[in-house]
Every structure is written in structure tokens, then in C-alpha cells.
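In terms of our numbering, the sequence shown opens at residue 4 and continues consecutively.
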Amino acid sequence: MPSQIQHDMLPTRTHDEAARQDYYMDIRRHLALNVAGGNRTLYSNVVRPAFAKAHGRDPLDRGEVRGEMTAQPYYQMYSAMQRHTQEMTWDSVIDTVERELPTLTAKAKQKTAAPKGTLTLTPGFQAPRYLTFYDIHLQPGGYHTTLGKDDVSAGALYDRATYMYTMGNLGPKTDYFGLSLIAHLKSRFPNITPKRILDMGCTIGHSTLPWKEAFPDAEVYGIDVGESVLRYAHARAETMGVGVHFSQQNAEQTNFADGFFDVVVSHIIMHETSTPAVPRIFAESRRVLREGGVMMHMDNPRLAGMAPFDAFLAEWEVYNNNERFGGTYRDMDIVAEGIKAGFSKGQLSLDHVSLVVPARIMNYQTKGIQFPCLVGEK
Ligand SMILES: C[S@@+](CC[C@H](N)C(=O)[O-])C[C@H]1O[C@@H](n2cnc3c(N)ncnc32)[C@H](O)[C@@H]1O
Numbered sequence: 004m005p006s007q008i009q010h011d012m013l014p015t016r017t018h019d020e021a022a023r024q025d026y027y028m029d030i031r032r033h034l035a036l037n038v039a040g041g042n043r044t045l046y047s048n049v050v051r052p053a054f055a056k057a058h059g060r061d062p063l064d065r066g067e068v069r070g071e072m073t074a075q076p077y078y079q080m081y082s083a084m085q086r087h088t089q090e091m092t093w094d095s096v097i098d099t100v101e102r103e104l105p106t107l108t109a110k111a112k113q114k115t116a117a118p119k120g121t122l123t124l125t126p127g128f129q130a131p132r133y134l135t136f137y138d139i140h141l142q143p144g145g146y147h148t149t150l151g152k153d154d155v156s157a158g159a160l161y162d163r164a165t166y167m168y169t170m171g172n173l174g175p176k177t178d179y180f181g182l183s184l185i186a187h188l189k190s191r192f193p194n195i196t197p198k199r200i201l202d203m204g205c206t207i208g209h210s211t212l213p214w215k216e217a218f219p220d221a222e223v224y225g226i227d228v229g230e231s232v233l234r235y236a237h238a239r240a241e242t243m244g245v246g247v248h249f250s251q252q253n254a255e256q257t258n259f260a261d262g263f264f265d266v267v268v269s270h271i272i273m274h275e276t277s278t279p280a281v282p283r284i285f286a287e288s289r290r291v292l293r294e295g296g297v298m299m300h301m302d303n304p305r306l307a308g309m310a311p312f313d314a315f316l317a318e319w320e321v322y323n324n325n326e327r328f329g330g331t332y333r334d335m336d337i338v339a340e341g342i343k344a345g346f347s348k349g350q351l352s353l354d355h356v357s358l359v360v361p362a363r364i365m366n367y368q369t370k371g372i373q374f375p376c377l378v379g380e381k
């Protein structure tokens, strides 16, 4: 597994901090490779036969599987360890970020002194409640918290910890989601040469930068709600020599003009929003697209069609990692939501995007994982 790229904005770890962080990432890999599978064996050999004996049938859905599995000591141990490593991931990176913060703040100013891109923040901006009422993925302070003027701490924390959380599966620059969606756009729409591209929910630009690299003549925009993550995104992009326009905006209602973009995308944001937000974000995507433009919102695998046990494991994050909307989104009829947003049925499709480099380890055991993507053509 290649190491994370040590770009200039990524906090520098001491030897002991690196050892501690690598230790937690290794435990996560160990859980995924050597422990998670034991849940399946337990289910097949013990839980399911016992349920069938008691009820005269197999569990019908993930809720019934959860009812049985959460009472099992083996699953309790696995789940507690998963939760513990998630907490310790943030805990171990915070030490590095706190120590490095004055240096990072100074570097961010220096790196953005003569920028190729821009950063536009909105004083008094209110993030939607679905992002603020708890800390998604247990990130202390969530995506939105800022410690004040010039703060880059939330972005620095997210950058390193997300590499650990995804166990390096998204590559040295954590950009495989972006690269995968670009590959999909190019194969689905080989004749498109976008002049303006919008990435909604860009966080620190992991998936945004590859769009500029793939379409160097295009203007690329990234929006998110968090001041600190956006400030870090801007500094990181400039450090990497990539000019992107970042701004603090709600994807449900942006300040871009009608028809401004050729392509509007998001990578793995929709399952962290809310039932009313989903059609609003699709409608806003449609509003800012030109006639003939393309919308692509890629997210985690649908739960419908999964075997009840797989759906139960896939939902671990919903119950244990502050992703409460995750299960609901993955059950929603998102083509119907696209129609509510103003697209006609013929303009919409639910595609499946493979990762450009397949994930070697996932925290649930799904081979050949593909990411459903709502594609809308205006
Ligand atoms: C899982 S992260 C996405 C990561 C990023 N797209 C990537 O591929 O690296 C979800 C992001 O979406 C943002 N987000 C969620 N809802 C949003 C909204 N309504 N407007 C803007 N950003 C939003 C969150 O603040 C968070 O930064």
C-alpha cells in the first residue's frame, strides 16, 4: 500500500506520532482482513441456523440480522474495536495538528500569497443542521468548526485522518474517487470538454484537484460549508500547484448563475445530508447546469439488493460512526428524487462507477465494490 504523499500542508509527524498513527491504521486493516470475516462465519454457522430454528425462516432484512448479531460477543468485540480505532484515529492526529498549527497557519498564508485559484468565505455562514448536530465520523468539531481567523486545523486533521480511516484505499493523494468519476465521465460522455466544473461538498479538495488536472483548461470550483477545511483546501491546492476556486456555500442553494457549469459532481456527500436536502441539491445542480450539461452524484453502494447480512455490515457506520442518514439515503429511490428536482426520466440514469484502483481492503467484505452514481443530463 503506497504511503500518503507528504505535501507541504500535511502536518509533519514526530517519530512517536507516526508510530501511533500507523498502529491504529494497522489495527483497522487487521480488523478488516482478519476479524470482520468472522462475523460472517458466526452468522452462517450459528446465528442464522438458530434464527431459522426459532422462526421457521431466515432473517428477512438487515434489521432482523442486527437484532441477532448485536447480542453476539464476537460482533460486540469487533464493533467496539472498530469504534475504538475510529476515536483513536482522530485522537492520534490531533496531537500532531495541535503541535504544528502555528507552522501550518504561517505556511497557508505563504502558499496562498500569489495564488492560481481563489478562496471566498462567507462571514456568518450557517451550515445546515444535518452537518452540525453531531460530529460525522466522530471528527471532533465536525466538518464545519473553525477556531477563528486563519484556522486550518479542521482541514489538517481531516487530511491525515481520512487517509487512515480509508486505510490508504483511496491512494497516496486520497483522490481515487475523483479519478474514478472522471474516468466514468470520459467513457460516458467522450465528446464533452467542460469549461466550468463544480464539485459540491469538496471538503479539502481530495477529489476536486484531479478534475483540474484532467481538464487543465477548465475553471474548477469546489464548495463546502466549513471555513477551516476550505482554507486548508486552498492552501493544499496551491502547494500542489493546482488552481481551484473554493467557496463557502450550501449545495442546496448556491450563488452561481443559472447555467454557469458544464459539469456538476459530488463524491460521497449525499449520504451525509438529509431527506429534504437530497432533491434540493439535485435541483440546484440542474439550475446551475447549462443546457446539455451533466450532473454526477456518486455515493456508497445501494442497500437494496444486498443480502441482509451484507446490508447489516455495510450499515455499521450508520449506528456507530455518526452517519445516521447513511442507511436512509442508500434506500432512497434517487432517480425519483432526480425527477422531483426537475429532470425528466429520460435524462436520468443510475450508473455504477468502479474505483480506478480497486480497494484492497474494505471494512466490510464486498468484492468488486462499485459506487452508484446518479447521472443527470440537462
Ligand atoms: C464525506 S465528505 C466528502 C469528501 C469529498 N467530496 C471527497 O471526495 O474528498 C462530505 C462533505 O460534504 C460536505 N457537505 C455536506 N452537505 C453539504 C452541503 N449541503 N453543502 C456543502 N457541502 C456539504 C461536508 O461539509 C463534507 O465536507
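In this text, a Cβ means the ideal position worked out from N, Cα and C, and glycines have one as well. If you're wondering where the values come from, they're calculated on a predicted model, not measured in any experiment.
query: Beta-bridge pairing of Thr123 - partner residues as DSSP gives them; result: Ser250
query: For Cys376, the residue or residues it bridges with in DSSP; result: Met301, Asp354
query: One or two residues paired with Arg199 in a DSSP bridge; result: Glu222
query: Beta-carbon proximity check, Thr206 vs Asp227, cutoff 9 angstroms; result: yes
query: Nearest-angstrom Cβ-Cβ length linking Glu275 and Ile139, presumed shorter than 8 angstroms; result: 6 angstroms
query: Helix, strand or coil at Ser269 according to DSSP, with G and I counted as helix; result: strand
query: CB contact below 9 angstroms: Val281 versus chain D; result: The structure shown contains no chain D, having only a single protein chain.
query: Cβ neighbour criterion (16 or more within 10 Å) applied to Asp334; result: exposed
query: The segment 84–100 touching the segment 208–219, judged by at least three CB pairs closer than 8 angstroms; result: no
query: Reference Val268, options Ser210, Pro131, Ala164, Asp29, closest by Cα; result: Ser210
query: Pair within 9 angstroms by beta-carbon distance, Asp64 and Pro311; result: yes
query: Beta-carbon separation (whole angstroms), Asp11 vs Lys119, contact threshold 8 angstroms; result: Contact doesn't hold; Cβ gap of about 15 angstroms is too wide.
query: Given 8 angstroms, three or more beta-carbon pairs between the segment 155–174 and the segment 336–349; result: no
query: Near ligand 1: Tyr146 beta-carbon under 8 angstroms from a heavy atom; result: yes
query: Buried versus exposed, by CB contacts within 10 Å (16 or more), Lys114; result: buried
query: Neighbour-count burial assignment, Lys112, 16 or more Cβ in a 10 Å radius; result: exposed
query: Best match in His237, Leu292, Thr242, Leu122 for proximity to Phe264 [C-alpha to C-alpha]; result: Leu292
query: Reference Tyr2; option with closest CA among Gln7, Asn325, Val360, Arg31; result: With the chain represented from 4 up to 381, any question about residue 2 goes unanswered, as that position is not in the structure.
query: Residue range of the alpha helix (DSSP H) that includes Ile8; result: Run containing Ile8: none; DSSP gives neither H nor E here.
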